[in-house]
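Residue numbers (our numbering), protein chains in the order written: chain H, 1 to 327; chain C, 1001 to 1327; chain Y, 2001 to 2324; chain S, 3001 to 3324.
Cβ coordinates follow ideal geometry from the N, Cα and C atoms, glycine included.
Computed from a prediction, not measured in an experiment: that's the story for all the values here.
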Amino acid sequence: MRELTYAQALREALTEEMERDPNILLMGEDIGVYGGVFKVTEGLMARFGEERVRETPISESGFIGAAVGLAMMGKHPMAELMFMDFAWVAADQIFNQACKMRQMSGGQVKVPLVIRTQQGGGRGNAAQHSQCLEAHFAHIPGIKIALPSTPSDAKGLLKQAFREQDPVVVIEHKLLYNTKGDVAEQMDPILFGKANIVRPGRDVTIISYSRTVLHCLEAATTLAAQGVDAEVIDLRTIMPLDMDTVLASIRKTNRAVVAHEAHRNAGFGAEIAARIMEQGFQHLDAPVERVGALDVPIAYSLPLESATLPSPDKIVAAARRAMRMEA
Amino acid sequence: MRELTYAQALREALTEEMERDPNILLMGEDIGVYGGVFKVTEGLMARFGEERVRETPISESGFIGAAVGLAMMGKHPMAELMFMDFAWVAADQIFNQACKMRQMSGGQVKVPLVIRTQQGGGRGNAAQHSQCLEAHFAHIPGIKIALPSTPSDAKGLLKQAFREQDPVVVIEHKLLYNTKGDVAEQMDPILFGKANIVRPGRDVTIISYSRTVLHCLEAATTLAAQGVDAEVIDLRTIMPLDMDTVLASIRKTNRAVVAHEAHRNAGFGAEIAARIMEQGFQHLDAPVERVGALDVPIAYSLPLESATLPSPDKIVAAARRAMRMEA
Amino acid sequence: MGLTTEQLKDAYGRMCLARAFERKCEELFMQGQVRGSLHMSIGQEASAAGTALALRDSDLLITNYRGHGHALAKGISPRAAMAEMLGRVTGCCKGKGGSMHWTDMSKGILPANAIVAGGLPTVVGAALAGKLDGLDRVAVVFFGDGAANQGATHEAMNLAAIWKVPAIFICENNLYSEMTPIGKTTTNKDLAERAAAYRMPATIVDANDVEAMHAAVSEAVTRARRGEGPTFIEAKTYRLVGHMIGDSQIYRSKDEVEEWRAQRDPIRLAGDKLIARGVTRAELDAISAGADATVADAAAFASASAFPDVSEIFVDVFEHNALN
Amino acid sequence: MGLTTEQLKDAYGRMCLARAFERKCEELFMQGQVRGSLHMSIGQEASAAGTALALRDSDLLITNYRGHGHALAKGISPRAAMAEMLGRVTGCCKGKGGSMHWTDMSKGILPANAIVAGGLPTVVGAALAGKLDGLDRVAVVFFGDGAANQGATHEAMNLAAIWKVPAIFICENNLYSEMTPIGKTTTNKDLAERAAAYRMPATIVDANDVEAMHAAVSEAVTRARRGEGPTFIEAKTYRLVGHMIGDSQIYRSKDEVEEWRAQRDPIRLAGDKLIARGVTRAELDAISAGADATVADAAAFASASAFPDVSEIFVDVFEHNALN
Ligand SMILES: Cc1ncc(C[n+]2csc(CCOP(=O)(O)OP(=O)(O)O)c2C)c(N)n1
Ligand SMILES: Cc1ncc(C[n+]2csc(CCOP(=O)(O)OP(=O)(O)O)c2C)c(N)n1
Ligand SMILES: [Mg+2]
Ligand SMILES: [Mg+2]
């Protein structure tokens, strides 16, 4: 096993998939010569040429729409959306076009399109560059959603994204690109819909995905010191959603916390909490606790941004509430 | 009291508000000479002139963005988005601009903008013209959300929308425009954040908004015949959200159903269910049940569309599940 | 580059079919059998027929909610199309798409779009796919004068130009976007002026003249097949009916409509040309009766077809329908 | 219509201020005191200063993430601006907006935008508001060559043209959108060609020449105040530094940058003009030293200021902060 950064792992996945399938091609702003602003596609244009690694104008609607057209005609494009916050300039092409073409045509077309993007705060990028928007994708049928938290998952889930025959959004986190982790040389794609128990525990189930998983693990360490043995589940994909793993854990712990970086109000945590209640009510000894960003635009200034976003401390506090322990 | 249609009530609200405040102006496609495709603005151009009732090209990003600019400079514009499904072509202007300007500027500007739109299925408009997207708005801080279910509420809530100093989206339903109801001649605005108990009951609380409230009332009638006395709450606005009324009801009934026409997965019903659990767990005798559209794009063909959307029957079934009664 | 008499008769037939088909849909709509909104292209049939005659089956078409004529001219099965209007499982989209999303991949007809300008970015990719595969396939997109003002149109045309894709942008300028006259939505006299912003070749064509339309599209097709990139065609035309059924048309004068109907009906114009070339009125009537018969057959087929089973709801969402 | 020597000195001072300010920001960024991304406009200062000199305080400005020079030239307080860079409560946005969202309504500076082309629709409305109120106020928006390819740009320019609003669209063509050269993003030689698509008057200006820039904007301002509608100005310029701090600039040659720096640095060009008009080197140095002093004062003020209290999180979201 080697250690790779999350960015390197993603690049390896792209390279392997492009070698495997000549129909795969990449499109996006600055992804060619420069290798993307987060350097994920570095070297790929030199390797695969300008036709397969296509630099685009700043026209997210245009090139994501073009990717939909390519996908319908037999290609397997990946469109890079530089920041998740820009999904809204391309939203019609994602939600009204990519998500619906198969159904509207009665199955005559498919749209095997991978959208890669990154989201999240913590860098002082302010309100228009810090948002987490996976809930918007989850609400619209027709697209699968992967949110890797480690380099290994980044590689495995991105590889799987190119095996799917439907639109997939792979949502990365800007603060994960430089994190390191073991990544197998030979690696199978990670099937969607299989959550990962990243820390087993008996007392409380903490459910999360993407970078917040790291916060949860930190919280679990703190909780352990306080005598609370937390199980941490990394969902990996939220569409499909692995409720089996979640419910099995809750049958054991009887308590749950859902944590994500997206705003709490109408965040995907609400869906998870609601499903836990629906499917595991009799096993719950306390209400499912939710941790998410405060419901305000994310401010630039460090103390404001920090207090707005979730943190290990807030997850600890939520777990203690779920345990009916004193704050 | 007179009976008015929902469309007439909206028109009356617009007329009264425009008479009251010369800074109010309307923008949108076909809203002038034709009076809008749902005829809500009929006669208003003749009355208030072309400057205040401005027909726009098909440029939703452009004119909603222009409305943001007008709002920042002292006007109180209303932008009509013909179908909610088109929010995605204007989404950046709504979510990244209108919702965030006040905060990003540290309070130097405000954006008193009213977006009026309509949503929903039931007419065979197929996947790109039938969606309910209030959850997308709810997830983004900075905008208030009203969903009137009756002509009277339509008038009162739309009037209030023009008293707010923040962005507001008033979400109508295409199948409500021709519904009739009593509307007072003199009517105060209806304050946001006050739910309406449209049918008191003891056994189960059914929470809803917009057209689905009518389904809930129908369901309540059916349930009454089955010996179940349902309380139906019309939230009227989901941002702000009146949890006090919801919780007071649940303290009485100990059972709840949340029903809306939007897709169930990551719909706003999940948020309501999660909050009920968080704030009223000890009062719940059963999990909160959710009713929403199936998580598939909405099909054209009548039997498929009908089976996809919620119905009084599905609400009855959910209430019976909440009551732990046989299906 | 005119059409031969045989070709012109073919075009005439396609136009008759489109009109008869839509009139039948109108009837079925009034009976409540067609749901949603119905947007007819009556008066615009020459644009469709002239285009289709310039294309191969393998060439691609993306149209919109006003696309019945385009798809019929390009060869969609009238039976499957009519069954789609009635929401039947035998419909071209199994009843899931309805009037606004007709698809027939065997004829190169990609899903029609109900979002104004929604299909323009898509056509760029569809065209690019063929180019990458070394095919000489072209991709045509139809959109209206109103659609020209959407952001997606701008982005798509710019992409098409820089990537030199074999796409043809046909802007059917019928002078109105829904109920709003073009004078309120653009300062341009001709929308073809927009193409210069991308240095894209453009032509303006009298799209009620099926020969002129065919010639304009043929030229664009030639350019596209040669690898010379996209073309913008402003197809000047007029919708003789309302934007949708129920449109009161108070935004335009009866005289204006009447003048177009009397002087510029594309089917009449093509018929006159055929007569001038020696084709008999009886032959024309036979073509038109043939179209009527096709429509009657389609309607009978559609009515006799079953509605989709509700289990179809979960099919065609994902490849494996792995719903959450 | 040249600038008087006094005006040119004023312009020179504003340019020096912008450059000194950004260099200070760079330093603070490297120290980790400035967060997020820092986009400097070094090399583009004449565009900002020339524009500001043509405007009144009451005229409106919408700029973007590369807008420090624009806002400083238009009169934003350097102290409030620098405090914003450091996220302090004394910042122009109370520390909430940071580098990309500077606002000063007392100087007509609306919130700067971090979404490429996000401010273009907004400027149409801001301009329209003044027109409706019978004011002769104009509204200026800055955007880049890359932004010209966004859908919002198209929609906004079309609206501005049909509504004849007093807006000025200044497209700073610095030949790159982030790391992508203009040749990959448009087929146009000049982006001014885009304006013809809306029949909007357009000029191309050497935006490294502050006098030329001032003249072009002044003409557009005159037209706007007279009620003659919007103007498009293509301001040809060059960014002498990376897109953002950390940009390796591998996408362009060192020679290219060096040539622009040596030949076309707008501050040097303005200085040379002043010298040619008899202003002494010492005077210029004094102006530049004044700018440095202003920046030093601003930095001291900012550093001494407090961070906002966390309770500020809930302020400025809604009028009454009626959060759910
Ligand atoms: C994004 C979007 N905005 C608005 C509509 C509603 N709408 C449907 S057709 C239409 C008019 C289109 O006009 P034009 O492009 O000229 O085409 P025509 O209908 O005249 O063929 C409008 C506004 C829509 N479907 N999509
Ligand atoms: C909608 C959107 N897409 C992409 C970005 C990322 N981005 C920020 S600046 C920039 C380049 C803009 O280039 P240009 O318009 O030429 O302006 P310049 O930076 O050269 O001044 C890009 C792609 C963004 N902020 N918003
Ligand atoms: Mg039209
Ligand atoms: Mg640039």
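H:Val-168 is bridged by DSSP to H:Val-114, H:Lys-144. Among the CB atoms of chain H, one or more fall inside 7 Å of the CB of S:Met-3100.
Listed along chain C is no residue with a C-beta nearer than 9 Å to that of Y:Val-2257; the closest approach is about 15 Å. Distances from the CA of Y:Phe-2307 to each of C:Ala-1307, C:Val-1089, C:Pro-1303 were compared; the closest alpha carbon is that of C:Pro-1303. It is roughly 27 Å from the alpha-carbon of Y:Phe-2318 to the alpha-carbon of Y:His-2068. Identification of residues in the region 3231-3262 of chain S having a C-beta nearer than 9 Å to some C-beta of chain Y yields an empty set. In this model, Y:Ala-2235 and Y:Met-2213 are separated by some 7 Å (Cα to Cα). Y:Asn-2064 has a beta carbon lying at 7 Å or more from every beta carbon in chain C. Burial check for H:Gln-97: the Cβ neighbour count within 10 Å reaches 16 or more, so the residue is buried. Straight-line spacing of the CA atoms in C:Pro-1287 and C:Ala-1248 works out to 17 Å. Here DSSP, grouped into helix, strand and coil, assigns S:Phe-3307 to coil. Bridge pairing for S:Cys-3171: S:Phe-3143, S:Glu-3234 [DSSP].
In this structure, H:Thr-222 keeps its C-beta atom at 7 Å or more from the C-beta atom of H:Ile-171. Here H:Arg-264 carries a coil assignment [DSSP, helix/strand/coil].
For Y:Asp-2057, no Cβ of chain H is located within less than 7 Å of the residue's own Cβ. For Y:Arg-2199, the closest Cβ of chain S is nearer than 7 Å.
According to the DSSP assignment, C:Thr-1237 belongs to the beta strand (DSSP E) that extends over 1237-1239. For H:Val-33, no alpha helix (DSSP H) encloses it, and the DSSP letter there is neither H nor E. For S:Ala-3117, same chain residues with a beta-carbon under 7 Å away, outside a window of 5 residues either side, are Phe-3143, Ala-3147, Gln-3150, Ala-3152, Thr-3153 in chain order.
The beta carbons of H:Gly-124 and S:Arg-3035 sit closer together than 7 Å. The alpha-carbon of S:Asn-3113 is positioned some 44 Å away from that of H:Glu-326. Taking a beta-carbon distance threshold of 7 Å, Y:Gly-2146 counts as an interface residue toward chain C. Rounded to the nearest angstrom, the Cβ distance from H:Ala-91 to H:Ala-219 is 34 Å, too far for a contact under 8 Å. Between H:Ile-315 and H:Ala-259, the beta carbon gap of about 5 Å places them in contact (Cβ cut-off 8 Å). At least one C-beta of chain H is nearer than 7 Å to the C-beta of S:Val-3116.
Just so you know, the alpha carbons of H:Ala-66 and Y:Val-2124 end up roughly 5 Å apart. If you draw a 10 Å sphere on the C-beta of H:Met-323, you find 16 or more other C-beta atoms in it, and that means buried. Beta bridge pairing from DSSP links Y:Thr-2063 with no other residue. By the neighbour-count definition (other C-beta atoms within 10 Å, threshold 16), H:Met-45 is a buried residue.
In the DSSP assignment, S:Pro-3181 forms a beta bridge with S:Tyr-3176.
When distances are taken from the beta-carbon of Y:Asn-2174 to the heavy atoms of ligand 3, the shortest one is below 6 Å. In the pairwise beta carbon analysis, the region 3004-3011 of chain S is classified as touching the region 3047-3065 of chain S: at least three pairs are separated by under 8 Å.
The CB of C:Leu-1070 comes closer than 7 Å to the CB of Gly-3125, Leu-3128, Ala-3129 in chain S, given here in chain order. Neighbours of Y:Asn-2158 across chain S, judged by C-beta separation under 7 Å: Asn-3149, Thr-3186. With respect to chain H, the C-beta atom of S:Arg-3035 has a partner C-beta closer than 7 Å. Linking S:Pro-3111 to Y:Gly-2091 through their CA atoms gives a straight-line distance of about 52 Å.
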